[in-house]
Ligand code: G6P
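Numbering (the numbering used here), first residue to last: 1 to 612.
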């Protein structure tokens, strides 16, 4: 949510900032801006995409060896040129970019107004930059000290970078609740919300911790302090990310690339963690806390968005295989509803980004109440893994398309492995069953590869239904969370209203919506519910709905009922979501493309939601 990039060093800053903003654009894309410091501060900002900002700066003064850049996802104030970052202080000396929300901005703003400050934008960020200015005036201190004092007055979440015209050889970066990485190279410092704008310049990075700030200088020196002014020795880490992982690799869109990466990244998630031949599963995080996990009275799975759908599958898997009660919680509700949590609970937090504000707050609350926290995240070094007692990375590689695809699949694979390992430890699964599932897991990549071959057929179906106003997705058992996820994908990127429902619940509401204009996607790949889902299909057919059925095989019955049959490979029922989801991801993708939507950057959404 909002992307931050900054550079100070020997090179020209502007091209580094623009390239960095393009890499970060998935975090927010309603406006963008840069500030360059070279004897004076030049601020250029524009509503719209980074490309519009780039266009706007053509022929303008952009030469400087230090600068800051921002791509915005609006919280306070509509997306326009004025509200775009960076924001200048009233004197014009200090300039700041910000990701997050300053919750007490209104009281600070009134106070500053009473001291004569004027505000041009509706943002909380302009309040913050003027607060820094006011502190500096009151305390006659350096920029870093003014930032530190100001941040101690602020309530909320932030990642900020600040420059001061009067201190042209340094910049200050700070964070609380929003991510920030500092890349260290011979040629200067690169600061960003994530590693993607940094990777091509250096592999040496420092992840700033919450309530810390860094002062980076043109001469190559830097220091990190807590907001309490305690100096920290920086832990320099090596980035494992590769440049080609964050590029489109010949695909037209990141989302399509990521859908097609699923066979490979699923194999990556399993590598070294299981063997079907030898019948073992080994998740480091589970091993570390084996006794506590196996003896847990309850699992609570918490997440937001797509990750919540994998959490729902996690509930089914854990109860089914490990026979431990499991509950699923929207992190945003869980954190505020005073739930009963004890030290006998294991709380699994699922998050692609590892930064979702509500999920983070949910685990902080559960940790205080003594639960064991297990993080399942994709972004290495992100906040949730760092806050968790134990965890497993999903190893899906960078996911840049805003609508999550491969991260979902890998979360489900990890949850399956955890459920199996606990089941094996507790003896709740027969060895033959375990072997069968492990064998099927090993064969998943090739079956998903097969499922991807439905692409051309799915595109044809997309052409028929691209103008639909509503879609219904129905599934039972393990296919119910897939129905939710299929509907979410369509909604997110094509702006068609879509709902996922348990197939039998259709009779309690959605059936009223069915007429000759309603396409209904049925997920019929679970053998145990096949007859029942056929009955549901008949109910839709009787009301003239259009039926798109995802099946494992074609029989006479389904052939006579469905308008379109998408055949995908069969696997054991608990793994079927990993195959069934593939044509639904493709359907959403093709419909969105046919409707002329921006699939990688759908309107109003952001990849990483670091505000509540
Ligand atoms: C946003 C994204 C979704 C994602 C959700 C949770 O809404 O657009 O794709 O599923 O956040 O994100 P997380 O990083 O916690 O999985």
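The C-beta atom is built at its ideal place from N, Cα and C for all residues, glycine as well.
Go to residue i, then tell me how far its beta strand (DSSP E) extends in each direction, as first and last residue.
i           : result
residue 46  : 41-47
residue 499 : 497-502
residue 345 : 345-351
residue 117 : Premise fails: residue 117 is in no beta strand (DSSP E) and is neither H nor E.
residue 519 : 519-523
residue 204 : 204-207
residue 418 : Where residue 418 is concerned, there is no enclosing beta strand (DSSP E), although the alpha helix (DSSP H) it sits in stretches over 406-426.
residue 158 : 156-164
residue 217 : 212-217
residue 670 : One cannot answer for residue 670 here, as it falls past the ends of the chain, which runs 1 to 612.
residue 492 : Note, residue 492: premise wrong, no beta strand (DSSP E); alpha helix (DSSP H) at 479-494.
residue 100 : 94-102
Quick check: residue i and residue j, are their CB atoms within less than 8 Å of each other?
i           : j           : result
residue 561 : residue 538 : yes
residue 279 : residue 434 : yes
residue 493 : residue 597 : yes
residue 550 : residue 583 : yes
residue 631 : residue 470 : Lying before the first or after the last residue shown, residue 631 is absent from the chain, which here runs from 1 to 612.
residue 37  : residue 66  : yes
residue 357 : residue 75  : no
residue 641 : residue 59  : Within the shown structure, residues of the chain are numbered from 1 to 612, placing residue 641 beyond reach of any answer.
residue 71  : residue 21  : yes
residue 218 : residue 354 : no
residue 407 : residue 490 : no
residue 462 : residue 594 : yes
residue 156 : residue 231 : no
residue 405 : residue 377 : no
residue 350 : residue 303 : yes
residue 29  : residue 49  : yes
residue 100 : residue 185 : no
residue 112 : residue 131 : yes
residue 182 : residue 205 : yes
Report all residues from its chain with a CB closer than 7 Å to the CB of residue i; omit the five preceding and five following residues, and keep chain order.
i           : result
residue 370 : 342, 343
residue 412 : 310, 313, 577, 578
residue 211 : 176, 226, 227
residue 457 : 566
Between which two residues does the alpha helix (DSSP H) containing residue i stretch?
i           : result
residue 431 : 431-452
residue 52  : 50-56
residue 288 : 284-288
residue 153 : 143-153
residue 558 : 556-561
residue 105 : 105-114
residue 341 : Careful: residue 341 lies outside any alpha helix (DSSP H) and carries neither H nor E.
residue 381 : Element bounds for residue 381: n/a, residue is neither H nor E.
residue 171 : Note, residue 171: premise wrong, no alpha helix (DSSP H); beta strand (DSSP E) at 170-176.
residue 83  : Run containing residue 83: none; DSSP gives neither H nor E here.
residue 359 : 357-368
residue 475 : Careful: residue 475 lies outside any alpha helix (DSSP H), inside the beta strand (DSSP E) at 470-475.
residue 183 : No alpha helix (DSSP H) holds residue 183; the beta strand (DSSP E) holding it covers 181-185.
residue 536 : 530-542
residue 267 : 262-270
With a threshold of 8 Å on Cβ separation, who are the neighbours of residue i within its own chain once the five nearest residues in sequence on each side are excluded?
i           : result
residue 251 : 257, 260
residue 81  : 31, 45, 46, 47
residue 572 : 436, 437, 440
residue 515 : 543, 544, 545
residue 92  : 41, 165
I'd like the list of long-range same chain contacts for residue i, defined as Cβ closer than 6 Å, with 5 residues on each side in sequence excluded.
i           : result
residue 511 : none
residue 500 : 473, 483, 484, 487
residue 429 : 321, 423
residue 552 : 525, 570
residue 253 : 599, 600
residue 619 : Because the chain in this structure spans residues 1 to 612, residue 619 falls outside the shown range and cannot be described.
residue 390 : 285, 288, 289, 374
Does the stretch 316-333 come close enough to the stretch 412-425 to have 3 or more Cβ pairs within less than 8 Å? yes
Count the CB pairs spanning the stretch 116-123 and the stretch 198-208 that are closer than 8 Å, and state whether there are at least three. no
Assess, as a yes-or-no matter, whether the stretch 438-458 is touched by the stretch 294-312 under the definition of 3 or more beta carbon pairs within less than 8 Å. no
Are three or more beta carbon pairs between the stretch 385-402 and the stretch 294-301 nearer than 8 Å? No contact exists between the stretch 385-402 and the stretch 294-301.
Contact between the stretch 525-538 and the stretch 409-418 (3+ Cβ pairs under 8 Å): no
Can you find at least 3 beta carbon pairs, one from the stretch 599-612 and one from the stretch 270-288, that sit closer than 8 Å? no
Three CB pairs or more closer than 8 Å across the stretch 328-341 and the stretch 373-391: no
Just checking, does the stretch 143-163 make contact with the stretch 84-103 on the three C-beta pairs under 8 Å criterion? yes
Counting Cβ pairs closer than 8 Å, one from the stretch 1-9 and one from the stretch 169-185, do we hit at least three? yes
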